[in-house]
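Residue numbers for the first sequence, in the working numbering: 75 to 328.
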Amino acid sequence: MKMATWNVNSLKVRLPHLLDWLQAAQPDVVCLQETKTEDKNFPATELEQAGYRVVFSGQKTYNGVAILAKSEPLDVQIGIPGFEDEQRRVIAATVCGVRIVCVYVPNGQSVDSDKYQYKLRWLEALTHWLSDELTRYPELALLGDYNIAPDDRDLYDPEGWAGNILVSEPERAAFFRLEGLGLKDCFRLFEQPEKSYSWWDYRMMAFRRNMGLRIDHILLSAPLVARCTACSIDRAPRKLERPSDHTPVIAELG
DNA sequence: ATGGCTTCATAGTGAAGA
75 MKMATWNVNS
85 LKVRLPHLLD
95 WLQAAQPDVV
105 CLQETKTEDK
115 NFPATELEQA
125 GYRVVFSGQK
135 TYNGVAILAK
145 SEPLDVQIGI
155 PGFEDEQRRV
165 IAATVCGVRI
175 VCVYVPNGQS
185 VDSDKYQYKL
195 RWLEALTHWL
205 SDELTRYPEL
215 ALLGDYNIAP
225 DDRDLYDPEG
235 WAGNILVSEP
245 ERAAFFRLEG
255 LGLKDCFRLF
265 EQPEKSYSWW
275 DYRMMAFRRN
285 MGLRIDHILL
295 SAPLVARCTA
305 CSIDRAPRKL
315 ERPSDHTPVI
325 AELG
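What follows is the structure, given as C-alpha cells:
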C-alpha cells in the first residue's frame, strides 16, 4: 500500500497537478488538505474517473480535507469527536483495514495569537481522540499538514526561526505527545537527504534556494511501522507552473 | 523591511497562510 499526504492549497487550482500526479505516482490512498472547496463543488467525478473513491469535508475559502482511495473508504469520521470546531480540518476512514486519519493542523499565525492557543487546544483534542482511536484501530496512520517542524533538521534556518510559530517548544511538545501514543514519524525511519523539506514560501525564491520546512508528516502505529518499506518527499510538483507551496510526502507499506 | 507570493474573496483601508 502506497499512501501520501499533500496540502494542495486550493483543489480547484491544483486539480490538473493532482490528476497528473495520481497518474504518475499511483498511490493507493491520498490525504489532501486546504482543498478550500465546499462539498457541493468537490471535483468527485474527475477523481472517480481517475480511479479513486473520495470522501471529503470542505468549506468555502479556508481549510478543507479529503481522502482519495483506490478501494472503498469505510467508517468515515469527520472532525474530532467531542471537539466543537467549525473549521474543516479532520477526516478519517478505514482503507484496506488501515485507519487513515487526515489532518490539517491549525497554523497558529504567531505565538502571541489567539490562533496559537487554538492550535495547542486543537492538538490536545486530537491527541486525546487518537489515544482512544488506537485502541479501536491498532493499524493507524496519521497523515497531514501538521504545521510543526519537529526538529531543527526540519528547517533551513533554526537560529532565525527559534521560538517562532511552527517550531516553538509547545508545538514541538505537542508533536512529541503524538509520538508518545506509539506513533512514529516514518520519514525518520530511513536515511534521508539532508535539508529535506515539504514546504517552501512562495516568496524570496525560497524553493530555488531550498529555504523550506518539513511540516507535512506521516506518523504510523507500530504494526504499520513494521510494514513500512520507504518514505520520501516528492519535490517534482513544486517545480511546476503555479504549484502548491507544499509537496507530497509518500510512505510505502509492504 | 512585519514585506516578499498565492489564494479566495470582494472591490478594502483585504485576510490568511507558514
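No residue lacks a Cβ here, since even glycine has one placed at the ideal position from N, Cα and C.
Please read all numbers here as calculations on a predicted model, not as lab measurements.
Remark: C-beta atoms of L294 and C260 approach each other more closely than 7 Å. In this structure D231 is exposed. Its beta-carbon is surrounded by fewer than 16 other beta-carbon atoms within 10 angstroms. Taking a C-beta distance under 7 Å as the contact criterion, A124 and V150 do not qualify as a contact pair.
Between the alpha carbons of N81 and G171 lies a distance of about 24 Å.
If you compare the alpha carbons of L93, Y126, Q161 with that of Y136, the shortest gap goes to Q161. The continuous beta strand (DSSP E) containing G218 extends over residues 214–219. The residue among E268, D102, L214, H202 with its C-alpha nearest the C-alpha of D228 is E268. For V241, the CB contacts under 6 Å within the same chain, skipping 5 residues up- and downstream, are A223, W235 in chain order. Secondary structure at E207: helix, using DSSP grouped into helix, strand and coil.
If you look at L106, you'll find it in the beta strand (DSSP E) that goes 103–107. Setting aside the 5 residues that flank it on each side, V164 is surrounded in the same chain by G153, I154, V177, each with a C-beta closer than 6 Å to its C-beta; the list follows chain order. DSSP places L255 outside both helix and strand once states are collapsed to three, so it counts as coil. Of all alpha-carbon atoms in A304, P117, E122, the one lying nearest the alpha-carbon of S131 is that of P117.
Secondary structure note for D231: it is in no beta strand (DSSP E), with a DSSP letter that is neither H nor E.
When secondary structure is reduced to three states using DSSP, Y192 falls in the helix class. The alpha carbon of T111 has as its nearest neighbour, out of L314, K258, N83, the alpha carbon of N83. In the DSSP assignment, V150 falls within the beta strand (DSSP E) that extends over 148–152. One alpha carbon belongs to G218, the other to A304, and they sit about 17 Å apart.
Restricting attention to beta strand (DSSP E) runs no shorter than 3 residues, the stretch 114–152 encloses them at 127–131, 139–143, 148–152, ordered along the chain.
In the DSSP assignment, V172 falls within the beta strand (DSSP E) that extends over 172–178. Taking L252 as the centre and dropping the five residues before and after it, the same chain places the C-beta of L197, L200, T201, L204, L216, L293 closer than 8 Å to its C-beta, in chain order. In the three-state reduction of the DSSP assignment, E326 falls in the strand class.
With a 10 Å radius around the Cβ and a threshold of 16 neighbouring Cβ atoms, S272 comes out buried. Of the other Cβ atoms in all chains shown, 16 or more fall within 10 Å of the Cβ of L106; this residue is therefore buried. Going by DSSP, H91 is part of no beta strand (DSSP E) but of the alpha helix (DSSP H) stretching over 85–99.
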